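> One line per chain: the protein sequences are A and B, in this order.
Take the first sequence: its letter number 94 is residue 93 in numbering that gives the first Met the number 0, and every next letter is one higher.
Take the second sequence: its letter number 64 is residue 63 in numbering that gives the first Met the number 0, and every next letter is one higher.
Glycine is no exception: its CB is placed at the ideal position from the N, C-alpha and C atoms.
These numbers were taken from a predicted model, which means no experiment stands behind them.
First the structure, then my questions, so here it is.
Number of protein chains: 2
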Amino acid sequence: MNKCDQCIVRQLSSLKALNKEEVIKLANSKTTHKIKKGEAIFEEGEVTNGVFCVKDGIGKLSKLSANGKDQIVKLVKSGELLGQRSMISNEPANLSAKAVADMEVCFIPKSEIIHFFNNNNQFSMNLMQSVCEDLKDSENDKIALVQKTVKQRLAETLLHLHDAFGENADKTLKVQLTREELAGIIGTATESCIRLLSDFNKLELIELAGKKIVLKDVKALKKLAEQL
Amino acid sequence: MNKCDQCIVRQLSSLKALNKEEVIKLANSKTTHKIKKGEAIFEEGEVTNGVFCVKDGIGKLSKLSANGKDQIVKLVKSGELLGQRSMISNEPANLSAKAVADMEVCFIPKSEIIHFFNNNNQFSMNLMQSVCEDLKDSENDKIALVQKTVKQRLAETLLHLHDAFGENADKTLKVQLTREELAGIIGTATESCIRLLSDFNKLELIELAGKKIVLKDVKALKKLAEQL
DNA sequence: CTATAAATATGACATTTATCATATAAAAAT
DNA sequence: ATTTTTATATGATAAATGTCATATTTATAG
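Below, the structure is given as structure tokens:
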């Protein structure tokens, strides 16, 4: 039973370049894992020796600082690969990967990936492009961190979460993050994040219902995120 | 006359994986350019259609913000490749590349690189690893921007400039940056950068002689950069 | 070599953001 | 259901950093 063929990761990630034969090879070597919200897929410093495909759920890549704050570098959703960077660099993971919502992931051993990389030009190009995409995002994030205020970054992040993960039937954002996690994405103190969310709420840019957030005025949020 | 074979870029960059035949092919397709200090190799938004090898000099990759500040993402020195990311992503450059010191660069057309990428696994792996290295650096920079103070980042940057570019006979740093450029690297206002340099000078951590900077107390700078 | 512009330096002040304290609400455990 | 913990919220304050003004020095152009 070749389950990988129908898998969303196979449709969306670099793996889409694999041919039938390669997918069968993949299906035989992969292992499937369920990760509960809050649990780690791998921790900073760990040697993973392969990549993880996100079949379902949402994960965060983050790094714990000396002062105890967890800086979130990227959120990943179904269809994406995790741990490519450290596998390719032959290094222990630079970041920890944890589940923000219950996840289902498949582990693909490094040997398989390297085999595909060496024998399938389209695959290696896809993988390369995916790392390049991450690099571009990271560089742009870096610039935003310096050039925008916390308020602007919060607005930007809310819009991005909406774009990337969508909304539920009741218009609330699909990703449910704690205030602490949200602060970890925009790079600020938890209290500042909470405060600004309250402000946005009062200004009717968003609506807060417990942990759930509704973007009420996307236009105004966009304006806020971009203004000088 | 096959000049590429002896070139420093060939010895240090992903190109080291090329065989004799490939180097000859490379030598026939490359073009050499001299770039004066301050001039651009390419500008943000430009389609480059190839990569640039840095034979000599120092360059900066930066992005101009709406408020007129130039955020420097990376400095490059001889032996490195420029413009890989946007070439691979098939996108116009996300950043501008300008000379910080007079440069000599060679342009290699995209078609050549793609040919090597598809026919030489070691080259494609090298290129991949080089982008991964950039990604790791960028992610770590991002985290430092959030978790460290401007003072710490200045100390860190001075140490990094010393490590990466070395010093002259008179112990001054080899890279000569304006205060504005230095501010653009650490992500702060020019005035704040100047002020902190003065402080460091008074504390005898560094010595200022015009634009030239000497690191007088590396140990103390390291301690400053890492402390909580 | 002078005139002009640009870079560096420093003070005064405003603003942003972090930190600490504490209250309230929500979630988890017993 | 009640206790205990954890998350959210908000005020007060301090610290860090940006902005504006203005010298002073250094570089560049004529």
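Taking Cβ-Cβ distances shorter than 8 Å, what residues in chain A pair up with L144(B)?
Near L144(B) (Cβ distances below 8 Å), the residues of chain A are K141, L144, V145, G186.
> Counting only Cβ pairs nearer than 9 Å, list the residues of chain B close to E132(A).
In chain order: S88.
> Taking only beta carbons into account, state which residues of the region 44-67 of chain A come closer than 8 Å to chain B, listed in chain order.
Against chain B - using a Cβ distance shorter than 8 Å - the residues of the region 44-67 of chain A are K62, S64, A65, N66.
> Does the CB of S137(A) have a neighbour CB from chain B at under 8 Å?
Taking Cβ atoms only, chain B reaches closer than 8 Å to S137(A), which makes this a yes.
> When you compare the CB of R84(B) with every CB in chain A, is at least one pair closer than 8 Å?
Yes, contact with chain A.
> If we cut at 8 Å on Cβ distances, does N200(B) have a partner in chain A?
Chain A contact via Cβ: absent.
> In the DSSP output, which residue or residues are listed as bridge partners for I212(B)?
Answer is L207(B), bridged to I212(B).
> Which bits of chain B does Q70(A) rub up against, with CB to CB less than 9 Å?
The answer, in chain order, is K141, I142, V145, Q146.
> Just list the residues that DSSP pairs F41(A) with in beta bridges.
Beta-bridge pairing links F41(A) to A96(A).
> Can you list, in chain order, the residues of its chain with a C-beta nearer than 6 Å to that of K73(B)? Leave out the 5 residues immediately preceding and following it.
Cβ neighbours of K73(B) beyond the five flanking positions: L60.
> Is there a Cβ of chain B sitting closer than 8 Å to that of Q151(A), yes or no?
Chain B, which has no Cβ nearer than 8 Å to the Cβ of Q151(A), makes this no.
> If we define contact as Cβ-Cβ less than 8 Å, is N119(B) a contact residue for chain A?
Closer than 8 Å: no.
> Using a Cβ-Cβ distance cut-off of 8 Å, determine whether S13(A) contacts chain B.
Not one chain B Cβ lies under 8 Å of S13(A).
> Looking at the C-beta of N93(A), does it have a partner C-beta in chain B at a distance below 8 Å?
With 8 Å as the cut-off, N93(A) counts as an interface residue toward chain B.
> If you follow the beta strand (DSSP E) that G58(B) is part of, which residue opens it and which one closes it?
Where G58(B) is concerned, the enclosing beta strand (DSSP E) stretches over 49-63.
> In terms of residue numbering, what span does the beta strand (DSSP E) encompassing K73(A) cover?
Taken as a continuous stretch (DSSP letters only), the beta strand (DSSP E) holding K73(A) covers 69-76.
> For chain B, find out if any of its Cβ atoms is closer than 8 Å to the Cβ of S110(A); answer yes or no.
No, its Cβ sits nowhere closer than 8 Å to a Cβ of chain B.
> Which chain B residues sit within Cβ distance under 7 Å of S123(A)?
Correct list: S123.
> Suppose you measure from the CA of S77(B) to the CA of L158(A); what does that come to, to the nearest Å?
For S77(B) and L158(A), the distance between alpha carbons rounds to 40 Å.
> Chain A beta carbons: is any one of them nearer than 8 Å to that of M102(B)?
Not an interface residue.
> Output yes or no for whether 8 Å exceeds the beta carbon distance between Q146(B) and Q70(A).
Yes, the Cβ-Cβ distance between Q146(B) and Q70(A) is below 8 Å.
> Tell me which residue opens and which closes the alpha helix (DSSP H) that K109(B) is part of.
109-118 is the span of the alpha helix (DSSP H), which, as asked, contains K109(B).
> Does the distance from the CB of I34(A) to the CB of V99(A) come in under 8 Å?
No.
> Using the beta-carbon count (16 or more within 10 Å), is S197(B) buried or exposed?
Label assigned to S197(B): exposed.
> 8 Å is my cut-off, CB to CB: does L17(A) come that close to chain B?
Closer than 8 Å: no.
> Can a CB atom of chain B be found closer than 8 Å to the CB of Q175(A)?
Not closer than 8 Å to any Cβ of chain B, the Cβ of Q175(A) fails to qualify, so no.
> Rounded to a whole number of angstroms, what is the C-alpha to C-alpha distance between V130(A) and K201(B)?
Going by the C-alpha atoms only, they are around 44 Å apart.
> Do you know how far the Cα of L181(B) is from the Cα of R9(A)?
Roughly 44 Å between the two C-alpha positions.
> Residues in the same chain with beta-carbon distance under 7 Å from P108(B), minus the five sequence neighbours each way, listed in chain order, please.
Once the five neighbours on either side are set aside, the close Cβ partners of P108(B) are S28, N48, G49.
> Between which two residues does the beta strand (DSSP E) containing K29(A) stretch?
Careful: K29(A) lies outside any beta strand (DSSP E) and carries neither H nor E.
> Would A26(B) pass as a contact of C3(B) if the rule is Cβ separation under 8 Å?
Yes, Cβ-Cβ distance for A26(B) and C3(B) is below 8 Å.
> Does the structure place the region 164-177 of chain A close enough to the region 171-186 of chain B that three or more beta carbon pairs sit under 8 Å?
As far as the Cβ criterion goes, the region 171-186 of chain B does not touch the region 164-177 of chain A, which means the pair count is below three.
> Do you know how far the Cα of S85(B) is from the Cα of T177(B)?
Distance between the alpha carbons of T177(B) and S85(B): 28 Å.
> Which one of N117(A), K68(A), C192(A) has the shortest CA to CA distance from L153(A)?
Comparing Cα-Cα distances from L153(A) to each of N117(A), K68(A), C192(A), the minimum goes to C192(A).
> Are any of the Cβ atoms in chain A nearer than 8 Å to that of Q128(B)?
It does; some Cβ of chain A falls within 8 Å.
> Kindly give me the distance between the Cβ atoms of L204(B) and A219(B), rounded to whole angstroms, as I take these residues to be in contact under 8 Å.
With 8 Å as the limit, L204(B) and A219(B) qualify as a contact, their Cβ atoms being about 5 Å apart.
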